[in-house]
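See below for the structure under consideration.
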Amino acid sequence: MALGLRARLRARFSLTSWLKNLLLRVASAFAHLRLGSTTNALLQTKASIFGFLHSSPLDNRHIRLLRLPVSSACPSACPELSIETFPIANCPPYIALSYTWGPPEPSITPYTLSDRRAIRIDGRPFLVFPNLFDALTHLTSARPGQYVWIDGICINQADLAERASQVSIMNKIYAGANETVIWLGPSNPATERALSKLEEMATNAESQIMKWGKERDWSDLAAVVTRTWFSRVWIIQEVALSSNPTILVGHGSIPWSSLGNAALLVVGSNAISGIMAFGSGMQNFSLVQGVAFASNLEWCRGDESPFRDVITNHDFLAGIDIDGQSLSAALLKVLLISKGCQSTCRQDRVYGLLGIVNHIAKWTNAPVSSLEINYSSSPDKVLTDIGLFLYHETRSLHLLSLAGEASRSRVPATTIPSWIPSFEIAHVPILGPNYKRVSILNASGSYTADFQVNKAQYRLNVKAASPNLGSIEELGEVWPDLLAGKFLDTIAILLHCGETYKSTKQPIVETLWRTLIMDTNLFERPAPSALSASFKSWFLMLTITAILKAFIKTPRFTHDIFDSLEPLFVLSNSLDSTHLLPTSDEMIHLLSRFGCFPDPAVPVMTEPERNEFMERLGREAASYEGLLRGVLPFSRRLARTVRGLLCLVPLTAQIGDKVMIVKGCPTPLVIKRVPEEEDTFRLVGDTYVHGVMYGEHVATEVCWRDIALI
């Protein structure tokens, strides 16, 4: 009797616990929803209680595959799928889906949990974000009845051990797929025109690119290559390892090779610089980034690329000269190629590249990488361990270009030492892929890396050149201020340098325009002198902006407006031997033509004439401005050291920070003294210093000083 009572009490207690748990799950479902989303709330509650659950955990010898419905008439309201587990060595033919977990376009507001929509797996609801939902509905129509592998569904993301084991075989999953479908999101008229143009180029590329002479052609291409997909770190291995990648935009599709061909042709023919001549360089730089990254992906495809002979003209390895048998060196190279890429988890910035690195092992007959995948520890702990591993395996100080406080958006919250990369996107390193004809930067000259890692204290002991390049004494304006016509700090820097830059004997204004773009036009270094004309138009636009803004506020005090720009006119009238900066007389004449400064001897432009003048000036300035947008907006600004050197330093650099060359590191570094310890510093970030980037500072006899980075 007592046993029966206890059993009933246990049953009642279990029922009570279950009901409490049910209420908590219902409340949780509603808590994530916006007001008025009652239907969504019920849907998510149903999925939470009765939804699809993954079967027993997978090891690294098995994968799950979804089966699309045989009929393409599946209602878009809720795609119906089934799921099966297969040995990876014995799978049926399947498609691998490459997509973004978030919105397909940067302009779309990030998803929240309430945005999720239901699909059905084995008859049970499963919630996915809208971009994956759209991909499934289009795949159901385009590839009915086929098997498909999708990471967000086929891997139990809540099981960290399964997630780690599946990520470790990503190279096999994508290499084993019959096709990789790259879902870029819904189509629009611009993407439809772009796909058509890319298909035309695939048949006769050289003649077709000559037809891309209209601004709309480039904006159409931008509608494709500026999709969010192109910023994901995972796409490198997803494209590189696939034998048959296909781009799907809405219901339109083209082979990846059509885009890869176009990207390589645009980059290789210097047409990419012509993009800047259309409209504003500000608007078009994202297009340049997308095209350049698409060409980088072709390099990663290796022998799979039909353009392997073309890509040998590019140094995608950023000048890294390490034993080719080292897979860790290969990982470092791909890390530099993928600078600026994003991942949901910071450690995936590295894990997302292991597949391609292990694929490279086939080219070199090397063993696979020994780096273990770990999702159980904190991101800071994992990234610190990865950094220690890379320093140990590569013995390369190229890693310092990826590290520093400037590369982090959470300083000082992070516990990662400043000399270990955290793989955030707050800062873009100087090193990266280039044409082979572009001179390789190496500020430490012929000196090789000489460092020791103190794991116990998380210190990197290095040797710094003495004398150093000087402490930062002046800082120039940030990019938004320059665009607003604020540039007097920059002018003050030039005035303090004098008419000639001591390190290179170049005129100081020439030194300025070269420094701001790191002395390259993306295709050669030093940058061609012809760019100076574009710089002249760009700076004239800044000056017009500064004067007109002041004139609108105080139209009666024209002389005061000109007096406020006296530093510029002192420089241009007396120290600018290049004649690139506008003089006071030139600006008075131009403003008289604008009607701002009446002069009976000067005819005033009509409004259409003024508009045409500014549009022409914008076109002339676009080439230089476009190059600037590859440097300054990504958190850099001009600086001058106490030794009179012009630098491009991270935005987080401060007056008093030191600029040093470290033995074996290809770029100079900005470092910040730790007050309580002698010869101990925190790394701020890498920097471009005009006149020292090829070892000039260490070409003569130099002493090397021991310092520690923490």
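Residue 710 is where the sequence shown ends in full-length UniProt numbering, and the numbering goes up by one at each step.
Note that CB positions come from ideal geometry on N, CA and C, so glycine has one too.
Only a predicted model underlies this, so the values are computations on that prediction, with no experimental measurement involved.
Just so you know, the alpha carbons of E566 and L638 end up roughly 21 Å apart. Per DSSP, V453 is one residue of the beta strand (DSSP E) stretching across Q452 to N454.
Counting along the chain, no alpha helix (DSSP H) covers D657, and no H or E run does either. Along the length of the region 512-583, whole alpha helix (DSSP H) runs at least 4 residues long occupy 531-553, 558-564 and 566-570, reported in chain order.
In the three-state scheme derived from DSSP, where H, G and I count as helix and E and B as strand, I108 is classed as coil.
DSSP, reduced to helix, strand and coil, places S328 within a helical segment of the structure shown.
In the structure shown, C647 adopts extended strand secondary structure according to DSSP, grouped into three states.
Under the three-state reduction of DSSP output, V128 falls in the strand class. A distance below 8 Å separates the beta carbons of G145 and L68. Take the alpha-carbon of R643 and the one of I547: they are about 33 Å apart. Nearest neighbour of I88 by Cα position, chosen from I63, A96, P106 and I95, turns out to be I63. When beta bridges are read from the DSSP output, F681 appears opposite R673 and L709. Residue state for W101 is assigned as coil, using DSSP reduced to three classes.
Boundaries of the alpha helix (DSSP H) around Y391: P379 to T394. Excluding five sequence positions before and after Y391, the CB atoms of its chain that fall closer than 7 Å to its own CB belong to L399 and V453, given in chain order. If you draw a 10 Å sphere on the C-beta of K658, you find 16 or more other C-beta atoms in it, and that means buried. V266 carries a helical assignment under DSSP once its states are collapsed to helix, strand and coil. Membership of I173 in the alpha helix (DSSP H) is indicated by the continuous run M170 to G176. F52 sits away from P130, with the two beta carbons spaced by 8 Å or more. The continuous stretches of beta strand (DSSP E) do not include H697, and DSSP gives it neither H nor E. Annotation: the continuous alpha helix (DSSP H) that includes H496 extends over L488 to C497. In this chain, the alpha helix (DSSP H) harbouring S623 covers E607 to L628. Boundaries cannot be given for L397, as no alpha helix (DSSP H) includes it and DSSP labels it neither H nor E. Within the same chain, Cβ atoms closer than 8 Å to the Cβ of R593 are found at V602, P603, V604 and M605, the five residues on either side in sequence being excluded.
Ranking S242, A223, T700 and R193 by CA distance to the CA of I182 puts S242 first. Taken atom to atom, the span from the alpha-carbon of R636 to that of P650 is near 4 Å.
Per DSSP, reduced to three states, the secondary structure at S253 is strand. Taking a cut-off of 8 Å on C-beta distances, the region 223-239 does not touch the region 132-140, as fewer than three cross pairs fall below it. The residue among L132, G664 and I588 with its C-alpha nearest the C-alpha of T448 is G664. For E162, the uninterrupted alpha helix (DSSP H) segment begins and ends at L160 to V167. Under DSSP, V181 shares a beta bridge with L97 and T246. A distance below 6 Å between beta-carbons, with the five flanking residues on each side excluded, links S187 to the following residues of its chain, in chain order: V249, G250 and G252.
When DSSP states are grouped into helix, strand and coil, T228 belongs to the helix group.
Between the region 339-359 and the region 373-390, the count of Cβ pairs shorter than 8 Å is three or higher; the stretches touch. Between L160 and P429, the alpha-carbon positions lie close to 31 Å from each other. Collapsing the DSSP output to three states places D686 in a strand.
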